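Notes to accompany the following structure.
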Amino acid sequence: MDRYDVEADSGGGDELASAPGGLLDLLGVAAAVLNDEGRIVLWSPEAEHLFGYSSAEALGQYAADLLIDPRHRSRVLKLFNRVLAGESWAGGFPIRCKDGTARQTEFRNVPLQDDQHHTYALGIATDQTKLRELETGLALTSRLFHHAPFGLAVLDPGLRYMLVNPVLEKIHGRPAGETVGLRPSEVIPVADTTQIEAAMRHVLATGEPLLNQLTISTTPSDPDPSNEHAWSASYYRLQDQHARILGVAVTVVDDTERHRAAAEATRARRRLAMLAEAGVRIGSTLDLERTAHEVADIAVDDLADVAAVDILDVIFTAADPALPDTGQGVAFRPLAVAARPPTDAVQAADPVGEVAVYAADRLVTQCVTTGRPVLVPHLSAETLRRLGSRPDSDVLERAGAHSYLAVPLMAHGCVLGALSLLRVHNARPFDLDDRDFATELADRAAICIDNARWYRHERDTALALQRSLLPHQAPDRPGLEVATRYCPADDTSEIGGDWYDVLPLTDGGTALVIGDVMGSGVTAAATMGQLRTATRTLARLDLPPAAVLSGLDRLVEGLESSFATCTYLTCRPASGTCEIATAGHLPPVVIHPDGTAELIAPNPGPPLGIGDTTFTTHRLTLAPDSRLLLYTDGLVETRTDAIDDRLQLLLDILTGPRRSIEDTCDFLLQHLRHPGSRDDVALLLAHVNPRLTSVTMNTDMAQGVPAPSARP
Numbered sequence: 006m007d008r009y010d011v012e013a014d015s016g017g018g019d020e021l022a023s024a025p026g027g028l029l030d031l032l033g034v035a036a037a038v039l040n041d042e043g044r045i046v047l048w049s050p051e052a053e054h055l056f057g058y059s060s061a062e063a064l065g066q067y068a069a070d071l072l073i074d075p076r077h078r079s080r081v082l083k084l085f086n087r088v089l090a091g092e093s094w095a096g097g098f099p100i101r102c103k104d105g106t107a108r109q110t111e112f113r114n115v116p117l118q119d120d121q122h123h124t125y126a127l128g129i130a131t132d133q134t135k136l137r138e139l140e141t142g143l144a145l146t147s148r149l150f151h152h153a154p155f156g157l158a159v160l161d162p163g164l165r166y167m168l169v170n171p172v173l174e175k176i177h178g179r180p181a182g183e184t185v186g187l188r189p190s191e192v193i194p195v196a197d198t199t200q201i202e203a204a205m206r207h208v209l210a211t212g213e214p215l216l217n218q219l220t221i222s223t224t225p226s227d228p229d230p231s232n233e234h235a236w237s238a239s240y241y242r243l244q245d246q247h248a249r250i251l252g253v254a255v256t257v258v259d260d261t262e263r264h265r266a267a268a269e270a271t272r273a274r275r276r277l278a279m280l281a282e283a284g285v286r287i288g289s290t291l292d293l294e295r296t297a298h299e300v301a302d303i304a305v306d307d308l309a310d311v312a313a314v315d316i317l318d319v320i321f322t323a324a325d326p327a328l329p330d331t332g333q334g335v336a337f338r339p340l341a342v343a344a345r346p347p348t349d350a351v352q353a354a355d356p357v358g359e360v361a362v363y364a365a366d367r368l369v370t371q372c373v374t375t376g377r378p379v380l381v382p383h384l385s386a387e388t389l390r391r392l393g394s395r396p397d398s399d400v401l402e403r404a405g406a407h408s409y410l411a412v413p414l415m416a417h418g419c420v421l422g423a424l425s426l427l428r429v430h431n432a433r434p435f436d437l438d439d440r441d442f443a444t445e446l447a448d449r450a451a452i453c454i455d456n457a458r459w460y461r462h463e464r465d466t467a468l469a470l471q472r473s474l475l476p477h478q479a480p481d482r483p484g485l486e487v488a489t490r491y492c493p494a495d496d497t498s499e500i501g502g503d504w505y506d507v508l509p510l511t512d513g514g515t516a517l518v519i520g521d522v523m524g525s526g527v528t529a530a531a532t533m534g535q536l537r538t539a540t541r542t543l544a545r546l547d548l549p550p551a552a553v554l555s556g557l558d559r560l561v562e563g564l565e566s567s568f569a570t571c572t573y574l575t576c577r578p579a580s581g582t583c584e585i586a587t588a589g590h591l592p593p594v595v596i597h598p599d600g601t602a603e604l605i606a607p608n609p610g611p612p613l614g615i616g617d618t619t620f621t622t623h624r625l626t627l628a629p630d631s632r633l634l635l636y637t638d639g640l641v642e643t644r645t646d647a648i649d650d651r652l653q654l655l656l657d658i659l660t661g662p663r664r665s666i667e668d669t670c671d672f673l674l675q676h677l678r679h680p681g682s683r684d685d686v687a688l689l690l691a692h693v694n695p696r697l698t699s700v701t702m703n704t705d706m707a708q709g710v711p712a713p714s715a716r717p
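Residues in the sequence shown are numbered from 6 upward in steps of one, following our numbering.
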């Protein structure tokens, strides 16, 4: 037997004794026995305490004379005779105490007989006020226990249920009769009750209550058994006035609504933070593929386990694509797929970058053709089939995909594609809040995707224009071998400003030109084309380099892109003479036959377009097998390095063992141009080789190039 349940008596015998301070002691129950004459023959110490008469004063006295007011004597005698006749009676009436006061007393009167058949009346009495208080307390406790809107339980010191109220029955999902005698680990619908029982033991051991201990679990009382509830439990040690430990009381309050509200508030704050982060992360560049990956990565941070961005293929070819016709298959180009944590469900995604035609009944097709979100909280076999082909739906089912959401990517009223979301590990299905959040995320992402699309369109247009205006292949000229390179900027917005040209002169010489229009895009490319045309026209006039730049300066003043840099150089290999003029451009490099390299630093003029400017022609002599390098700033300028350091690095790379001019161009780009460069690069490398003069001139004459003539 549990040590809390019984105690040995003080004499050390085998009898069991209640601890003092029990219910009878609390009530102060008195006992008196009357014989058939109405005289007191037994008077308990409690009766002496309750009424004030000692046993010496009470024994042998007529009870009616000693205890009853004369006004109530006849009524009491009738009740006394009924008890002697064998009828029990219970009720209350006032007793006259020794101090002269009247005490309202509750009686239980029963008849007694001894072995000689003498009749007695046993009266058990207590103060009626105390009794009513106790009855009221018990009634209140009983009503509270059975009708409280929260769970209540009492467990013994061995943590076995003794009492369970109806609310807690529902939480446990079993009747109280099946719960009594069991431990919490056998009753509470939580996978791990170790912490709950540990909390109860702590309360029993210390007497310190533990309040508002949160437990998350399901409950059979919820129609949807998958819904999680929050229960706030408090534990109190039960003990009597003599500190005898009786057990532990537990109150359980359903805190689900507050918990869900707090969780929703937390989720709302987290999603606001996600939207703010999306504003920073999405569209950090104007690259369409990277933007799509940024969208997918944001979506799997909190919203989904798998995210895919599918763009309509038509937006890559049409400036203003129309919404696909309902009922027809739609061509998509998947641009990004992300999963966190990893899942086999990604195997069902179409290869990124390849065009895929989705049937009209596909859910993502429905999303883009209607321009509305598609929410499937619980995926069935039929809806899984509408996510992909039969093998794909099998993969999704095996991976555990159970909920789907697709929202259109729309910008300026134009559907660009869809953001598709799956839940695999997250057991909660997508809901309307998820739909609204995904829609807002998609709206923000669509603007960035649309910007990237337009920049890509402009980039492709500018690049096509740029390439069409540049020489398709720089021709070798008399006494010169020429290699050229043009590399567009990796950034989509920076295409369009750099150019080079190789022009024949009337006396057999060659003009080498390199320039950079400030600005980017189609306008810069068009300006470059105009400058290139004007340079070719001026070259036919056989003007000195400074005069050519002056003519170009007047032209640029009237163009939309108002500034440009340029180097114009003439070379006559037969005599080794070279004339150079620069307009705000980086200096050319001469690589001498011995392998050393140096910058040609003529007096530089300002950029073209300043107006009212005088340019200077610089003259030098080139030895046979010398080389000339002209380049734009995209080759050497960076955001972090000093330009002098970069120019020295250029000279160091050019110094040393010689490579072919083609290999040299590639080597320069490999070692000087950084990945992700935001600027175009144009290179022109010419090798002075007088031995090629006659062969090339004959070829030029055969192709109709004017014969050289003496310069004036």
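For glycine and all other residues, C-beta sits at the position ideal for the given N, C-alpha and C.
None of these values were measured; they are calculated from a predicted model.
So residue i and residue j are in contact, right, with Cβ under 8 Å, and what is the actual spacing, rounded?
{"i": "V2", "j": "T220", "result": "Outside the displayed span of the chain (6 to 717) sits residue 2, for which this structure offers no information."}
{"i": "V373", "j": "L317", "result": "7 Å"}
{"i": "A529", "j": "G556", "result": "In fact, because the Cβ distance is near 20 Å, the residues do not count as touching under 8 Å."}
With distances taken Cα to Cα, identify the nearest neighbour of residue i among the options.
{"i": "Y636", "options": "G600, G610 and L677", "result": "L677"}
{"i": "I605", "options": "V594, D310 and A235", "result": "V594"}
{"i": "F56", "options": "L82, Q133, R78 and R76", "result": "Q133"}
{"i": "P339", "options": "V357, E445 and T348", "result": "V357"}
{"i": "V379", "options": "Y363, D441, A336 and R433", "result": "D441"}
{"i": "N598", "options": "A416, V342 and P629", "result": "Here residue 598 turns out to be Pro, not Asn, going by the sequence shown. Residue P629 is the option with its Cα nearest to P598."}
{"i": "A40", "options": "H54, G33, F85 and P50", "result": "The sequence given here has Asn at residue 40, not Ala. Selected option, being the one with the closest Cα: F85."}
{"i": "E282", "options": "E299, T271 and L293", "result": "E299"}
{"i": "E138", "options": "L689, E111, M415 and L157", "result": "E111"}
{"i": "P171", "options": "R165, D617 and P180", "result": "P180"}
{"i": "R263", "options": "R274, A235 and A248", "result": "A235"}
{"i": "L560", "options": "V258, T542 and D547", "result": "T542"}
{"i": "P396", "options": "V351, D436, V159 and L414", "result": "V351"}
{"i": "D259", "options": "I287, H177 and T271", "result": "H177"}
{"i": "L510", "options": "R545, L574, V400 and T131", "result": "R545"}
{"i": "L485", "options": "A353, P695 and V686", "result": "P695"}
{"i": "T532", "options": "Q66, A416, D503 and E174", "result": "D503"}
{"i": "D617", "options": "D307, E562, V335 and L654", "result": "E562"}
Less than 8 Å separating the beta-carbons of residue i and residue j?
{"i": "D455", "j": "L410", "result": "no"}
{"i": "L426", "j": "L392", "result": "no"}
{"i": "V522", "j": "Y505", "result": "no"}
{"i": "I658", "j": "L634", "result": "no"}
{"i": "N608", "j": "T626", "result": "no"}
{"i": "C576", "j": "H590", "result": "no"}
{"i": "T515", "j": "R490", "result": "no"}
{"i": "P99", "j": "R108", "result": "yes"}
{"i": "I303", "j": "R276", "result": "no"}
{"i": "V311", "j": "T348", "result": "yes"}
{"i": "L738", "j": "L640", "result": "What the structure shows of the chain is the stretch from 6 to 717, and residue 738 is not part of that stretch, so it cannot be assessed."}
{"i": "L554", "j": "A586", "result": "yes"}
Exposed or buried, what is residue i when buried is set at 16 or more other beta-carbons lying within 10 Å of its beta-carbon?
{"i": "V255", "result": "buried"}
{"i": "I45", "result": "buried"}
{"i": "D292", "result": "buried"}
{"i": "L424", "result": "buried"}
{"i": "N114", "result": "buried"}
{"i": "P550", "result": "buried"}
{"i": "R624", "result": "exposed"}
{"i": "G182", "result": "exposed"}
{"i": "S580", "result": "exposed"}
{"i": "Y166", "result": "buried"}
Which residues share a DSSP beta bridge with residue i?
{"i": "W459", "result": "W459 is not bridged to any residue."}
{"i": "A606", "result": "For A606, which the question treats as bridged, DSSP gives no partner whatsoever."}
{"i": "A361", "result": "F337"}
{"i": "I250", "result": "Q244"}
{"i": "T515", "result": "P509 and C576"}
{"i": "L427", "result": "V311 and Y409"}
{"i": "L689", "result": "T489 and L635"}
{"i": "A158", "result": "V169 and V255"}
{"i": "E111", "result": "G97 and T131"}
Quick check: does the Cβ of residue i come within less than 7 Å of any heavy atom belonging to the ligand SAH?
{"i": "R651", "result": "For the structure depicted, the ligand SAH is absent and the ligand set is empty, with no information on it obtainable."}
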